[in-house]
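This report concerns only the one structure given below.
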Amino acid sequence: MSVGTFLPSPPARTLMVQGTASSVGKSLLVTALCRLFRRAGVRVAPFKAQNMSLNAFVTPDGREIGRAQAVQAEAAGAPLSVDMNPVLLKPESDGRSQVVILGKAIGTLTAADYYRHKVEIRPIIAESLARLRAAYDLVVIEGAGSPAEINLKEHDLVNMHVARLADAPVLLVGDIDRGGVFASLVGTMELLERAERARVAAFVINKFRGDLSLLSPGLTALTARTGVPVLGVIPFVERLGIADEDGVAIEDRRRRDSAAMLAASAEPASSFVLTVAVVRLPRISNHDEVQPLEYEPGVRLRFVDTAEEVAAADLLILPGSKSTVADLAWLRARGLAEAVAERAQRGALVLGICGGCQMLGETIADPDGVESAEQSVAGLGLLPLHTRFHAEKTVAQVKATVGASCFLTAGLSRGTVLTGYEIHAGAVALAPSAITPFRLRERNREAVDLPDGAVASDGAVIGTMIHGLLENDLVRVALLNTMRARRSGGGAAPSATPPPWSLSSRNKEAAYDRLADVVSESLDLPLLNRIVGVR
784 MSVGTFLPSP
794 PARTLMVQGT
804 ASSVGKSLLV
814 TALCRLFRRA
824 GVRVAPFKAQ
834 NMSLNAFVTP
844 DGREIGRAQA
854 VQAEAAGAPL
864 SVDMNPVLLK
874 PESDGRSQVV
884 ILGKAIGTLT
894 AADYYRHKVE
904 IRPIIAESLA
914 RLRAAYDLVV
924 IEGAGSPAEI
934 NLKEHDLVNM
944 HVARLADAPV
954 LLVGDIDRGG
964 VFASLVGTME
974 LLERAERARV
984 AAFVINKFRG
994 DLSLLSPGLT
1004 ALTARTGVPV
1014 LGVIPFVERL
1024 GIADEDGVAI
1034 EDRRRRDSAA
1044 MLAASAEPAS
1054 SFVLTVAVVR
1064 LPRISNHDEV
1074 QPLEYEPGVR
1084 LRFVDTAEEV
1094 AAADLLILPG
1104 SKSTVADLAW
1114 LRARGLAEAV
1124 AERAQRGALV
1134 LGICGGCQML
1144 GETIADPDGV
1154 ESAEQSVAGL
1164 GLLPLHTRFH
1174 AEKTVAQVKA
1184 TVGASCFLTA
1194 GLSRGTVLTG
1204 YEIHAGAVAL
1214 APSAITPFRL
1224 RERNREAVDL
1234 PDGAVASDGA
1244 VIGTMIHGLL
1254 ENDLVRVALL
1264 NTMRARRSGG
1274 GAAPSATPPP
1284 WSLSSRNKEA
1294 AYDRLADVVS
1304 ESLDLPLLNR
1314 IVGVR
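Per this note's numbering, the very first residue in the sequence shown carries number 784; after that it's consecutive.
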């Protein structure tokens, strides 16, 4: 099935996806719609006025936007632009967030302080949306949280405010997997103002499992009560292979892990599964970058927060953090720092990425209070490097080459080119004797020649400041071959043969098409065409 013939008119048409709550599937639905319209020959782009997330990505000109909008742009086949997410909030504590405007951090504000700036922020949002509408045929807009947060309505920058600004029809999404979907849809409509209710063109029920015929009476009653049609019911899609947006996805995965572990307990002892444990830091950032490992055969990826889970894994990953010093203190308070040190002493594999790399070093200094009130703290002392925080962040797409051989690069020749990105305020200084696994060769398309990261003397502990390395197929091959060889006590020599499944660009495209196919089969496309204004 496909959407109808698109008749562009300046400025671009708009369609908005809002939800009854956070994590109901808005981001994935926007991703699916972007791919669906792209396949119909429509020049389509995503837009989210304000995103609150610690998962960020880097545009080609070295600016930050939410990871979800980068994924949506990729599905749309649209060049990445900061206009797709002009405001990004990166929480640093329960009451404060770093504010990123048009891809550049402007400071850390409390919610109250931020809302006082809404008069200045609204024109920025409007200008970004206008630029997108001038460049494309259709802009698919994502809301945030719920439009019915009545305590925050006067501060709205991302839901019905944007719908009015864009004159956009709204699809309201509810998550049936969490229960209470009919109440959440009806309750949201009841709390909207009359003009806002009039913008809701259709409902979408997401993450359905089971017999659709049993749901039909509820759909009929929902439309009878609200006057709003149901555009479709989208099934729960397992192992989709598209980056998660936020920490709620980690908790969902942890619940699935618990069920999987119970099931695995009944499997034969000979079952060969490599376990990758990612420390579930309180302020974890860019956690989606480990997701490529989840889709490799024979690999179980888990987010963990106990010393026992840290000790048992074949590979431990210390991920990025928005508050490195605070998360390092959390590691120590929970006894996880000792568990990491114990792994290093027995030669078990440890990988630190960005903030995790900084934690593995000797010291972390923050004399200007960029991330912490602590002037300086001791790191875990497992790598010969020192970190100093600066107000100016490094935000860059990068190319790097393989340096010293290590468990991430075993079997790869020196000079092999890899891609990734950097987002960090802490500058890392290496000891003169440090062994470096990578050399940066390009930052935001400008040539550089800089060392990256460090490797412990026994090769079991690695730190890197480069995000996204695990999306390089050859890096995952080297890593998994090393892990398998260690598990078997030797095994075959490392090989550079690509694995059966990976999140290479080829397979990401397949994942977007798979998602679009599911959504296309689940929605009333003639109704969608009428809502958008195509035929």
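Where a beta carbon is used, it is the ideal one built from N, C-alpha and C, also for glycine.
Identity of the residue in the options nearest residue i by Cα
i: V1020; options: F991, R1008, G1010 and S999; result: F991
i: R826; options: P862, T803 and S911; result: P862
i: R1269; options: T1058, V987, P1018 and M972; result: T1058
i: D1241; options: R1228, L1263, L915 and I1218; result: I1218
i: V870; options: I908, S880 and D958; result: I908
i: A1094; options: Q1128, S967 and L1076; result: Q1128
i: L872; options: N834, L912 and R982; result: N834
i: V807; options: D1151, E910, V964 and L915; result: V964
i: P793; options: R914, T1146 and N1255; result: R914
i: L1306; options: A839, A981, I988 and G824; result: I988
i: G1164; options: N1069, V923, S1155 and E1121; result: E1121
i: V1302; options: R961, N942 and F820; result: F820
i: R1259; options: V1153, A1090 and L1098; result: L1098
i: R980; options: V953, L1002 and I959; result: V953
Per-residue DSSP class, three states only, for residue i
i: I1379; result: Nothing can be reported for residue 1379: it is not among the residues displayed for the chain, which extend from 784 to 1318.
i: P794; result: coil
i: F1172; result: strand
i: K831; result: coil
i: V882; result: strand
i: L1002; result: helix
i: R1222; result: strand
i: P1283; result: Unreliable placement is indicated for P1283, whose pLDDT of 46 sits below 50; no coordinate value is reported for it.
i: M799; result: strand
i: F1019; result: coil
i: A839; result: strand
i: L1311; result: helix
i: D1256; result: helix
i: D844; result: coil
i: E1229; result: strand
i: G908; result: The sequence given here places Ile at residue 908; Gly does not occur at that position. Here I908 sits in helix by DSSP.
Beta-carbon proximity list for residue i, same chain, < 7 Å, skipping 5 on both sides
i: L1223; result: V1181, A1183, V1231, L1233 and D1235
i: G886; result: T842, R846, E847, I848 and V865
i: R1313; result: none
i: A1179; result: V841, G845, Y1204, E1205, R1226 and N1227
i: G1130; result: D1241 and A1243
i: I1249; result: V1181, A1183, G1203, E1205, F1221 and D1235
i: V1016; result: I988, F991, L995, L998 and S1305
i: L935; result: none
i: R1008; result: V969
Contact set for residue i: own chain, Cβ-Cβ below 8 Å, skip 5 residues either direction
i: I933; result: L974
i: A856; result: C817, A828, P829, P862, L863, S864 and M867
i: A1210; result: T1170, R1171, F1172, H1173 and T1177
i: D1151; result: F1172, H1173 and A1174
i: G970; result: T803 and A931
i: D960; result: N989, K990, F991, R992 and F1019
Anticipated Cβ contact below 8 Å, residue i with residue j, distance rounded
i: A804; j: S929; result: 5 Å
i: V1244; j: L1166; result: 6 Å
i: A859; j: P829; result: 6 Å
i: L1257; j: A1237; result: 21 Å between Cβ atoms; not a contact.
i: P1012; j: L812; result: The Cβ separation is near 16 Å, so there is no contact.
i: P874; j: L837; result: 7 Å
i: V883; j: Y897; result: Not a contact, Cβ separation roughly 12 Å.
i: M1142; j: L1111; result: 5 Å
i: T1146; j: G1162; result: 6 Å
i: V1087; j: V1123; result: At roughly 12 Å, the Cβ-Cβ gap does not stay under 8 Å, so V1087 and V1123 are not in contact.
i: I1100; j: V1073; result: 6 Å
Neighbourhood of residue i by C-beta distance below 6 Å, restricted to the same chain and skipping five residues each side
i: R1039; result: Because the pLDDT of R1039 is 48, which lies under 50, any placement of that residue in the model is unreliable, and the number read from its coordinates should be weighed accordingly. Result list for R1039: empty, nothing under 6 Å.
i: V1185; result: T1192, L1195, R1197 and T1199
i: P1018; result: F991
i: G1138; result: G1103, S1104 and T1107
i: Y1295; result: R818 and A858
i: A1299; result: A815, R818 and L819
i: R916; result: P794, A795 and V922
Distance cut-off 7 Å: residue i Cβ against heavy atoms of the ligand GTP
i: T842; result: The model depicted lacks the ligand GTP and carries no ligand whatsoever.
Which residue spans inside the region 1137–1219 form an unbroken alpha helix (DSSP H) run of at least 4?
-> 1138–1142
Give, in chain order, every unbroken run of the alpha helix (DSSP H) that is at least 4 residues long and sits entirely within the region 918–1005.
-> 943–949, 964–974 and 977–982
Contained beta strand (DSSP E) runs [length at least 3] in the region 1054–1120, N- to C-terminal order = Runs of the beta strand (DSSP E) spanning 3 or more residues and lying entirely within the region 1054–1120 occur at 1057–1062, 1082–1087 and 1098–1101, in chain order.
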